[in-house]
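Residue numbers (the numbering used here): 43 to 443.
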């Protein structure tokens, strides 16, 4: 295997680290090659055993013997598998841009590289005659993964009908105990349906945050310009978590009439992916998770809440994905006493990830470990930090105390 090919190999390996998080600094450290194939043939271990790659905030440096190279990289997470693009700044291939495919494995990452300038490989495989390089790599023995900065989450509470003074503390403590996240709080003690939240009229309220948790109850804040300002960060791609009465906030028009996309009436509902207008009496809700619905609910078991409010379903957007249904009593009226209570959605031109659950009226429910586990998973999923098995990705579990 030529030294030039090794330089190319080590350069592209770096980009796969971003699969765990868009924050590439999460993968700062030193890495070694574990295995490689070129043109369908195994690369002898002796050819890659002395290769080291050091990563720092989206930049890489590689060394093998006397050979050195460094460069930068980006990853397109919207593509499946993810497509990486790297550029060598100094080294034998300085100025050259290359594309590759990558995915996670049980013990690390693998990636397939194409060096002929004709785009990314068609698959994650190196076959005879392809000229493609398939590589698997792991962290250098004796080194550990650096702990990334915590996710910054803005929790917004206030308004009618709920004990937000207590719930803000329950949520902050519960989420920070379950994930590597810092919860900042905006809270209004106003108990009306028009709480004077400081985010209103300030479309830049979410600057510097990775996700916003909407837990306000503001049904009568209906000025279109104000609602558009609340939505602006999410329209620009910022992930969101929506809890309980957030589904009954920022209403424009009659919430009982199915909203039309693209209208003022539909602004908030189109963002949520589901339209709800009310609820019945408080009774226990039998929660049933949808089978094989993805990482947010992976391994979770059905449970029944204490007496809670079951929100109705007026309209569900076709792109919304139901994760759990809740029923009260006979559960014989879909959308009324049997309705979607947990779902995910993608909003706006940048497909911001949106997680929502209508559960969470009473303090006892909000403090339930099962509820906090669910909301934590939803938050991590929205930020792209949840593994397929429902566990936090590397660096995003709660740090040990």
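No residue lacks a Cβ here, since even glycine has one placed at the ideal position from N, Cα and C.
Original post:
Can you list, in chain order, the residues of its chain whose CB lies under 7 Å from that of residue 185, leaving out five sequence neighbours each side?
Top reply: 71 and 72
Original post:
When you compare only the Cα positions, how much space is there between residue 326 and residue 115?
Top reply: 51 Å
Original post:
Contact between the stretch 269 to 281 and the stretch 398 to 416: three or more CB pairs below 8 Å?
Top reply: No contact exists between the stretch 269 to 281 and the stretch 398 to 416.
Original post:
According to DSSP, which residues form a beta bridge with residue 154?
Top reply: 143 and 176
Original post:
Are the beta-carbon atoms of residue 101 and residue 93 separated by less than 7 Å?
Top reply: No; because the gap between Cβ atoms is not below 7 Å, this pair is not in contact.
Original post:
What whole-angstrom Cβ distance do residue 380 and residue 390 have, given they're in contact under 8 Å?
Top reply: About 30 Å separates the two Cβ atoms, so there is no contact after all.
Subject >> Nonlocal neighbours in the same chain, by C-beta distance under 7 Å from residue 206, ignoring five residues either side >> reply: Excluding five sequence positions before and after residue 206, the CB atoms of its chain that fall closer than 7 Å to its own CB belong to 199, 200 and 229, given in chain order.
Original post:
Tell me which same chain residues have a C-beta within less than 7 Å of the C-beta of residue 98, skipping the five on either side of it?
Top reply: 70
Subject >> Beta-carbon proximity check, residue 196 vs residue 268, cutoff 7 Å >> reply: no
**OP:** With DSSP collapsed to three states, give me the class of residue 280.
**Re:** coil
Subject >> Complete runs of the beta strand (DSSP E) confined to the stretch 75 to 121 [at least 3 residues] >> reply: 94 to 98, 101 to 106 and 109 to 118
Subject >> Every unbroken beta strand (DSSP E) within the stretch 210 to 298, with a cutoff of 3 residues, ordered by chain >> reply: 223 to 230, 253 to 259 and 282 to 285
Original post:
Is there contact between the stretch 330 to 347 and the stretch 419 to 434, where contact requires at least three CB pairs shorter than 8 Å?
Top reply: With a cut-off of 8 Å, the stretch 419 to 434 and the stretch 330 to 347 count as touching, because enough Cβ pairs lie within range.
Original post:
From the DSSP output, which residues share a beta bridge with residue 317?
Top reply: 357
Original post:
Can you round the beta-carbon distance between residue 285 and residue 331 to whole angstroms, since I take them to be within the 8 Å contact cut?
Top reply: That pair is no contact at about 18 Å.
**OP:** Compute the Euclidean distance between the alpha carbons of residue 357 and residue 165, then round it to the nearest angstrom.
**Re:** When only Cα atoms are considered, residue 357 and residue 165 end up about 39 Å apart.
**OP:** Within the same chain, show all residues whose beta-carbon is closer than 8 Å to that of residue 181, passing over the 5 residues directly before and after it, in chain order.
**Re:** Within the same chain, residue 181 has close Cβ partners 71, 72, 73, 74, 150 and 187.
**OP:** Could you say if the stretch 162 to 177 and the stretch 208 to 218 meet the contact criterion of at least three C-beta pairs nearer than 8 Å?
**Re:** In short, these stretches do not touch, since the Cβ pair count stays below three.
Original post:
residue 284: beta carbon under 6 Å from a heavy atom of the ligand PLP?
Top reply: With respect to the ligand PLP, the structure shown offers nothing to examine, as it has no ligands at all.
Subject >> Contact set for residue 290: own chain, Cβ-Cβ below 8 Å, skip 5 residues either direction >> reply: 259, 261, 297, 318, 319, 320 and 353
Subject >> Inter-residue CB distance, residue 217 and residue 418 (contact presumed, cutoff 8 Å) >> reply: 6 Å
Original post:
Over what stretch of residues does the beta strand (DSSP E) that includes residue 398 continue unbroken?
Top reply: Looking at the DSSP string, the run of the beta strand (DSSP E) that includes residue 398 is 394 to 399.
Original post:
Alpha carbon to alpha carbon, how far is residue 104 from residue 264?
Top reply: For residue 104 and residue 264, the distance between alpha carbons rounds to 56 Å.
**OP:** Using the Cα positions of residue 63 and residue 167, report the straight-line distance between them to the nearest angstrom.
**Re:** Low local confidence applies: a pLDDT of 39 at residue 63 is under 50, so the model's placement there is unreliable, with the coordinate-based value given in what follows. Cα to Cα, residue 63 sits roughly 24 Å from residue 167.
Subject >> 3-residue-minimum beta strand (DSSP E) runs that sit fully inside the stretch 367 to 430, ordered along the chain >> reply: 380 to 389 and 394 to 399
Original post:
Expressed to the nearest angstrom, what Euclidean distance is found between the alpha-carbon atoms of residue 438 and residue 231?
Top reply: 32 Å
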